[in-house]
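As structure tokens, the structure follows; a few thoughts come after it.
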Amino acid sequence: RIRSERSFGGVVEVGAHWIHGPSRGNPVFQLAAEYGLLGEKELSEENQLVETGGHVGLPSVTYTSSGVRLSLQLVAEMATLFYGLIDQTREFLQAAETPVPSVGEYLRKELSRLVVGWTEDEETKKLKLAVLNAFFNLECCVSGTHSMDLVALAPFGEYAVLPGLDCTFPKGYQGLTDCMMASLPQDTVVFEKPVKTIHWNGAFQEAAFPGETFPVSVECEDGDRFPAHHVIVTVPLGFLKEHLDTFFDPPLPAEKAEAIRKIGFGTNNKIFLEFEEPFWEPDCQLIQVVWEDTSPLEDPVPALRDAWFRKLIGFVVLPAFGSVHVLCGFIAGLESEFMETLSDEEVLLCLTQVLRRVTAPDPVCRGSHTSDVLLHDARGSAVGMEGGAAAPAQALVGQLRSSSHAGGGWDPHFL
Ligand SMILES: Cc1cc2nc3c(=O)[nH]c(=O)nc-3n(C[C@H](O)[C@H](O)[C@H](O)COP(=O)(O)OP(=O)(O)OC[C@H]3O[C@@H](n4cnc5c(N)ncnc54)[C@H](O)[C@@H]3O)c2cc1C
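This is the structure we're talking about:
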């Protein structure tokens with residue numbers, strides 16, 4: 001889940017994007033620093049000391065689904081409220097019992113209590129709840145889950161947030177795995193060798209090592225076998241959940257198998273949209289989209305086809321590559337999995353409409369940045385498409401997905 005692409009002209013992270021908590025206690029940061037992969041700012045003491053509490057920074061701009069630009073003050077107020085509640089959820093780590101089983105239920109219970117005290121008019125209250133809903137969706141991305149109701153409250157505080165302002169690799173995250181590979185003796189790594197079963201706790205002989213007995217034998221799909229004294233297994237949890245019955249011989253001890261079954265593994269996708277002209281301001285870093293008429297206190301289940309995009313949290317603005325401008329949307333959960341069933345063209349059309357709606361409510365301005373669309377897939381091929389709007393500018397839109405049932409989730413921190 002680390003892959004740096006260059007199909008847009010600059011570096012695009014299909015998988016991991018940030019080092020979270022880049023400071024001395026973080027082994028990824030340490031390794032990246034040792035390999036000389038980070039810039040001066042990322043390495044600075046000042047950067048390493050920033051305490052974010054694990055909270056995502058405020059958006060640069062927030063649009064509602066009907067195209068209203070929300071006051072940053074309102075958004076900041078809701079962010080403070082939301083992250084205050086999130087901080088409270090971490091306090092149940094040492095508690096003998098929790099008031100409700102999940103983080104989502106706790107947040108909603110506390111929120112319902114607070115809403116009673118809100119004195120604004122109904123419309124403002126609804127808007128505040130819609131903004132809070134956007135923060136719930138964001139937290140689903142952070143936790144790699146469909147719903148915060150699936151994240152257990154008691155162990156939520158186990159997730160240690162390290163100090164340091166999240167940073168990126170100027171030349172791509174993949175530099176890290178490339179350097180690690182380069183540090184190994186040649187031909188030690190074997191590719192395209194899916195492992196079928198790990199036979200352990202045995203006594204295996206190997207013709208190449210006469211007289212030696214190995215407790216482990218790694219059997220590959222193609223029949224090849226590798227004898228070993230020790231094996232470190234790093235297949236993703238999603239794979240383990242699906243193949244637990246056949247992957248270990250003998251099976252893992254019951255408590256380990258139970259842990260694998262109980263820990264959740266969610267889906268998180270990125271959608272890259274490429275523009276010839278940015279419609280955002282030069283210093284814009286995060287564009288948030290708030291869906292009016294949504295609320296974390298209500299649980300409508302609209303058809304995924306009509307509403308999957310409402311789970312989208314908005315877009316991170318990637319650094320401009322010359323004349324190419326790219327937005328990266330984030331979407332988690334079942335809606336994210338539904339999106340995987342759509343063609344790139346369908347995703348593109350849908351998000352084009354979303355962007356028109358949120359950024360240009362005036363029909364005269366609609367589509368100003370979305371006509372004559374070209375679609376790129378992850379391998380860089382391009383397919384011409386009708387944009388549909390009679391507008392002058394041209395846009396290039398691309399989508400890269402990086403998730404699948406077995407290999408694409410985010411590591412969860414919940415049971
Ligand atoms: C869209 C997205 C964005 C992310 N953003 C961030 C971020 O900003 N910051 C961050 O810290 N993390 C992020 N993550 C999470 C991060 O990418 C992962 O936690 C990390 O890459 C996991 O590394 P891993 O080696 O454990 O697993 P993986 O990278 O999934 O590697 C597991 C490997 O095992 C192989 N494998 C599977 N089954 C078998 C088998 N049977 N035999 C042999 N090999 C097998 C797979 O092919 C794969 O190469 C993101 C993840 C995604 C999907």
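In the UniProt record's numbering, the protein residues as written are 1 to 415.
Ideal placement from N, C-alpha and C gives every residue a C-beta, glycine not left out.
*Using the Cα positions of N133 and V290, report the straight-line distance between them to the nearest angstrom.*
Counting only the Cα atoms, V290 lies some 8 Å from N133.
*When burial is assigned at 16 or more other CB atoms within 10 Å of the CB, is D222 buried or exposed?*
In the assembly as shown, D222 is an exposed residue. Its beta-carbon has fewer than 16 other beta-carbons within 10 Å.
*Chain-order list of residues whose beta-carbon lies under 7 Å from that of A33 (same chain, five-residue window excluded)*: These residues qualify, in order along the chain: L43.
*With distances taken from CA atoms, which of A152, R310, L348 is nearest P99?*
The residue from A152, R310, L348 with its alpha-carbon nearest to that of P99 is A152.
*L374 to K196, Cα distance in whole Å?*
Low local confidence applies: a pLDDT of 30 at L374 is under 50, so the model's placement there is unreliable, and no value is given.
_ligand 1 and F239: does the residue's C-beta get closer than 7 Å to at least one heavy atom of that ligand?_
For ligand 1, at least one heavy atom lies less than 7 Å from the Cβ of F239.
*Output the distance between the C-alpha atoms of E122 and V75, rounded to the nearest integer angstrom.*
Each residue's CA atom was taken as its position, placing E122 and V75 some 17 Å apart.
*What do you reckon, is the C-beta of V301 under 7 Å from a heavy atom of ligand 3?*
In the structure shown, ligand 3 is absent; the only ligands present are ligand 1.
*State yes or no: is the beta carbon of Q30 nearer than 8 Å to at least one beta carbon in chain B?*
Protein chains in the displayed structure number just one, and chain B is not present.
*asked:* I'd like to know if the stretch 61-73 and the stretch 139-147 are in contact, where contact means that at least 3 CB-CB pairs between them fall below 8 Å.
replied: The stretch 61-73 vs the stretch 139-147: no contact.
*Determine the contact status of V317 and L342, defining contact as a CB-CB distance below 8 Å.*
No, the pair does not count as a contact, with Cβ atoms beyond the cut-off.
*Could you check the C-alpha separation between F29 and E5 for me, to the nearest Å?*
Those two C-alpha atoms are separated by around 21 Å.
_Does H376 come out as helix, strand or coil in the three-state DSSP assignment?_
At H376, the pLDDT of 33 sits below 50, so the modelled position is not reliable and the matter cannot be decided from this model.
*Considering only residues of the stretch 69-108, which uninterrupted alpha helix (DSSP H) runs meet the minimum length of 4 residues and lie entirely inside it, listed in chain order?*
For the stretch 69-108, the full-length alpha helix (DSSP H) segments reaching 4 residues or more read 72-89 along the chain.
*asked:* Using a 10 Å radius around the Cβ and a threshold of 16 neighbouring Cβ atoms, would you call W118 buried or exposed?
replied: Exposed, by the Cβ-count rule.
*asked:* Quick check on H243: does DSSP put it in helix, strand or coil?
replied: Looking at H243 - three-state DSSP - the assignment turns out to be helix.
*Check each candidate in V235, P22, E206 and name the one with the smallest Cα separation from H229.*
Nearest C-alpha to H229 among V235, P22, E206: E206.
_For L37 and R321, the rounded distance between their alpha carbons_ = At residue 321 the sequence reads Phe, which differs from the Arg that was named. Here the alpha carbons of L37 and F321 stand approximately 19 Å from one another.
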